[in-house]
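Taking numbering that gives the first Met the number 0, the leading residue of the sequence shown gets 0, the next gets one more, and so forth.
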Amino acid sequence: MILLDGKKVAAEKRAELRETIAQLQAAGKRAPKLAIVIVGHNPASETYVANKIKACGEVGIEAEKIAFEADITEQQLLAEVSRLNHDATIDGFIVQLPLPEHISETTIMSAIDRRKDVDGLTPENVGRTVQGLPSIISATPRGIRELLAYYQIPTEGRHVVVIGRSNIVGKPIAMLLMQRPYLSLPSMSAASLGDATVTICHSKTRDLKSICLTADIIIVAAGCPKLLTADMVKEGVTIIDVGINRVDGKLVGDVDFENVAPKAAYITPVPGGVGPMTIVSLLQNTLQAYMLKGER
Ligand code: GUN
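Pasting the structure below:
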């Protein structure tokens, strides 16, 4: 069993980013800038945002946190999105989710300029990704792809089972791994991953176990501790655990790691698997938005 060490891979990717950004600055260019909007005081969101800001600092991306109280109206938040869309000093921005009940996430996401949508969550970016057009790929799926590529885990012809149908993870990762690779490079890169046979499962799926038993790769993003157990996987499977749950004060994923890991060829730990890759993808997306700015 090989651990897919997202912490290590993310550190390498951060070093690459730091180098690229240092070179840009040495050539007299300004640093890329990311803004992060956070509404209310969700403790998990505050932790994620703090981690994102720290990661920006490590690679030389300027970060600005814009915090609002939970009683901000949808109109006021839309006005902020519009301001950020037009602020030439900001290359990309994200609105941390979840938002308070009285604000429609779809309305807010749809208002973000796709070229600044470094979370890759706007309907426009998702649609472009689905059609294989140049787009900003959402951070977690991009991170998963980078991890598979780093460990040279092929997806062509493999049966990938995705558990979870969220807009942030389940739907986009399923589309990406199913697609024809849109760049065929001689060496394996994230861009050449695809061509998988993908099954998407969710809370209403019948007999999840027998579907999972036919999977070569299982991606679990359901937010349910110990959802995937050892009797549900075949020997030699690859497991990507996207879950982040707190149980008895401990951070755990959606996989019964202790019992599943011995059967797996590759498996991500939680923490230290997909999480760090998601953050580094946000940084990569921010640099991508910065680079493309000249083309507007
Ligand atoms: N909430 C949990 N994960 C994410 C993410 O990747 N982006 C945003 N904007 N909100 C989140």
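No residue lacks a Cβ here, since even glycine has one placed at the ideal position from N, Cα and C.
Item                                                                                                                                                                         : Value
Taking just the CA atoms, how far does K32 sit from R13?                                                                                                                     : 16 Å
L33 lies in the beta strand (DSSP E); which residues open and close that run?                                                                                                : 32 to 38
Could you tell me which residues DSSP pairs with I162 in its beta bridges?                                                                                                   : C200, V219
Do you know offhand how far P185's Cα is from I217's?                                                                                                                        : Confidence at P185 is low in this model, with a pLDDT of 47, below 50, so its placement is unreliable and no value can be given for it.
Rounding to the nearest angstrom, what Cα-Cα distance links V160 and P140 in this structure?                                                                                 : 14 Å
For I239, is the beta carbon positioned less than 7 Å from some heavy atom of ligand 1?                                                                                      : no
With a CB to CB cut of under 7 Å and the five nearest residues on each side skipped, what residues in its chain are close to T213?                                           : H158
For the putative contact between I89 and A34, defined by C-beta atoms under 8 Å, what is the C-beta separation to the nearest angstrom?                                      : 5 Å
Look up L16 in the DSSP assignment and say whether it is helix, strand or coil.                                                                                              : helix
Helix, strand or coil for K233, going by three-state DSSP, please let me know.                                                                                               : coil
Please classify R114 as buried or exposed, where buried requires at least 16 other C-beta atoms within 10 Å of its C-beta.                                                   : buried
Whole angstroms is fine: what's the gap from S280's alpha carbon to T19's?                                                                                                   : 15 Å
Pop quiz: T128 and P180 are said to be a contact at Cβ under 8 Å. What is the actual Cβ separation, rounded to whole angstroms?                                              : Contact doesn't hold; Cβ gap of about 13 Å is too wide.
Taking 7 Å as the cut-off, is the CB of A66 close to at least one heavy atom of ligand 1?                                                                                    : no
Exposed or buried, R144, counting other C-beta atoms within 10 Å across all chains shown (16 or more means buried)?                                                          : buried
Could you give the distance in angstroms between the alpha-carbon of V38 and the alpha-carbon of R245?                                                                       : 22 Å
Among the residues of its own chain, which have a CB less than 6 Å from the CB of M0, if the five just before and after it don't count?                                      : A260, A263
Give me, in chain order, the residues of the same chain whose beta-carbon lies closer than 7 Å to that of L291; leave out the 5 immediate sequence neighbours on both sides. : R114
Can you tell me which of the three DSSP states N284 falls into?                                                                                                              : helix
Cα separation between H40 and C211?                                                                                                                                          : 37 Å
Around the C-beta of T285, are 16 or more other C-beta atoms found within 10 angstroms, so that it is buried, or is it exposed?                                              : buried
Which of the three DSSP states is assigned to L250 in this structure?                                                                                                        : strand
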